[in-house]
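Visitor:
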Amino acid sequence: MKTIAFVLTVFLSVSSAAYSQKAEVYQNKEKFGIKQGDKTLVKAQYDAMELLEEGFFAFRKKGKCGVITKSGTVVIPEAYDDVKSFGNGLFLVKDGKAWGLVDRTNKLVLPIAYTSFKFVNDHLCEVKSQGKFGLINKYGDIVIPAQYEGVAPFNDTFFLIEKGGKSGLIDDAGKVVVEAQYDGFDKIVDKDLYNVRLGNKIGLMTPEGQVLLAPVYDAIEDDSCIGMKLTENGKIGFYTKTRHLIAPAYSKVLFYQPELGLAVVEEAGKYGIVTARGTVTPSAYENISRFSPRGIAFVEKSGKLMAINVEGREMVLQEIMGAGNQPPK
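Here you go:
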């Protein structure tokens, strides 16, 4: 019984070793074939041969290339100028200067009309045809036709496209999200937003491709408690944290009070108030103090001293003192 077990073990070991040996190309004089260990699978009869992927080999015969299995079955006849592996059961085939895709039955999956293939991620491949770029998926399906001057990954969702010298965005299903009408997009540091450029003007866009602000501004800065500060033709405005647009109409910001989410702004020599909530108090005051913790400031209007709260409601001094408020310091 022990002898039988020993023989069986040896047999299984030898069989396993033989099975684990991979088929590989061998050369005999000027010709190439396929061997697996000491066993010849395909006799040396081809002018060149290389492994494409497990079980499939490219071969060259009489100047043309095809694909053969390790058992010697020709799956793609020698009809092409070159053959390479694309993956997912597909092969790149070359005819003249152009490439296409065929499957393991030599069925044409993608027309032989492309000059370059470059995977941009695990699922999508950039292709080029007649100087234009597009995208196909890993199965050879056209996702974005080759009609753009450039296609490149933009973020996890979209691709940047270039057409007519302008840039836009397209999703991985081929749907245009932002028309190609801008000069570029720039990620705003530490913000989930992008600047969109057109000429020397900039606007604002979300990662989903929604243009929040058209590119009409000279500068957009994230440096205030109100939100984004906008500059247009020397005037200042805001795009608030609550996504309200306060059009550029102010010559300067007198001061910010972050604890109250407001800024005092100057327009035509008078002062007004803007808040992060998007409220605007017209610039009607010759002078204004800082706001107290209760949100009250002294103002001068037409030579008259009064008070104002952060929402712009005017109050006389008696009303302030009667409410138990202390004047701002």
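Numbers -20 to -1, 1 to 309, taken from mature numbering (1 follows the signal peptide of the UniProt record, and there is no 0), label the letters of the sequence shown in order.
Every residue, glycine too, gets a C-beta built ideally from N, C-alpha and C.
Fair warning: this is a prediction, and the values are worked out from it, not measured in the lab.
#1: Can you name, in chain order, every residue of its own chain whose Cβ lies under 7 Å from the Cβ of VAL89, other than the five neighbours on each side?
#2: Compare the beta carbon distance of THR49 and GLY67 with 9 Å and say whether it is the shorter of the two.
#3: Grouping DSSP H, G and I as helix and E and B as strand, with all else coil, what is GLU239?
#4: What residues are listed by DSSP as bridge partners for residue 323?
#5: Straight-line CA distance for ILE141 to TYR174?
#6: Using 8 Å for Cβ pairs, my map puts LYS11 next to ALA3. What's the rounded Cβ distance?
#7: Give a yes or no on whether the C-beta atoms belonging to LEU240 and THR255 are separated by under 9 Å.
#8: Less than 6 Å between C-beta atoms, sequence neighbours within five positions excluded: which residues of the same chain meet that for VAL192?
#9: Could you tell me which residues DSSP pairs with TYR230 in its beta bridges?
#10: Kindly indicate if chain D contains any beta-carbon less than 9 Å away from that of CYS205.
#11: Along the chain, which unbroken stretches of the beta strand (DSSP E) at least 3 residues long are found entirely within the stretch 165 to 206?
#12: Using 10 angstroms around the beta-carbon of ARG40, count the other beta-carbons present and answer buried if the total reaches 16, otherwise exposed.
#13: To the nearest angstrom, report how far apart GLY252 and LYS281 are at their CA atoms.
#14: Count the other CB atoms within 10 Å of the CB of SER96; is the residue buried (16 or more) or exposed (fewer)?
#15: How is ASP163 classed by DSSP in three states: helix, strand or coil?
#16: Quick one: Cα of ASP163 to Cα of VAL5, how far?
#17: Return the CA-CA distance between PRO273 and ILE206, expressed in angstroms with no decimal places.
#18: Would you grab the beta carbon distance between residue 312 and ASN101 for me? Rounded to a whole angstrom, and I think it's under 8 Å.
#19: Could you tell me the distance, in whole angstroms, from the CA atom of ARG270 to the CA atom of MET208?
#20: Less than 6 Å between C-beta atoms, sequence neighbours within five positions excluded: which residues of the same chain meet that for ALA194?
#21: Would you grab the beta carbon distance between HIS103 and ASN117 for me? Rounded to a whole angstrom, and I think it's under 8 Å.
#22: Buried or exposed for LYS15, going by 16 or more other Cβ atoms inside 10 Å?
#23: Let me confirm a value: THR53 is counted as buried when at least 16 other C-beta atoms fall within 10 Å, else exposed. Which label applies?
#24: Identify every residue that forms a DSSP beta bridge with THR261.
Guide: Considering the structure as presented:
#1: LEU70, LEU81, VAL82, ASP83 and GLY120
#2: no
#3: helix
#4: Nothing can be reported for residue 323, as the shown portion of the chain is limited to -20 through 309.
#5: 16 Å
#6: Going by Cβ atoms, the distance from LYS11 to ALA3 rounds to 17 Å, so no, they are not a contact pair.
#7: yes
#8: Inspection of the sequence shows that residue 192 is occupied by Leu rather than by Val. Result list for LEU192: LEU184, in chain order.
#9: ILE216
#10: Of the chains in the structure shown, none is chain D; there is only one protein chain.
#11: Here the runs fully enclosed are 174 to 178, 181 to 185, 191 to 197 and 199 to 201.
#12: buried
#13: 11 Å
#14: By the neighbour-count definition (other C-beta atoms within 10 Å, threshold 16), SER96 is an exposed residue.
#15: coil
#16: About 52 Å.
#17: 18 Å
#18: There is simply no residue 312 to check, as the chain begins at -20 and stops at 309 in what is shown.
#19: 22 Å
#20: GLY183
#21: 6 Å
#22: buried
#23: exposed
#24: ILE253
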